[in-house]
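When the sequence shown is numbered by the working numbering, its final residue is 263 and no position is left out of the sequence of numbers.
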Amino acid sequence: MRYVIGDSARLVTPYRGYSWVTIIGYEGDGYCVELTSGLEIVVREDELEDV
């Protein structure tokens with residue numbers, strides 16, 4: 213995994229209009245991320261890109 217907790221990233225495909233996220237944890241083979249709206253979702257690494 214190349215992202216660590218606290219890193220910022222961008223979703224390749226925006227989720228409900230939000231694309232900027234902060235890595236807050238790990239879930240299986242993906243990441244728990246928090247959108248700027250405060251919503252937490254789980255995404256795969258290929259759904260993220262560096263900022």
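Just so you know, even glycine gets a beta-carbon here, dropped at the ideal spot from N, CA and C.
Run of the beta strand (DSSP E) containing residue i, from where it starts to where it stops
i           : result
residue 222 : 220–227
residue 256 : 252–256
Residues that residue i bridges to, as DSSP identifies them
i           : result
residue 234 : 220, 246
residue 239 : 242
Residue nearest to residue i in terms of C-alpha spacing, selected from the options
i           : options       : result
residue 232 : 221, 250, 215 : 221
residue 217 : 235, 256, 248 : 235
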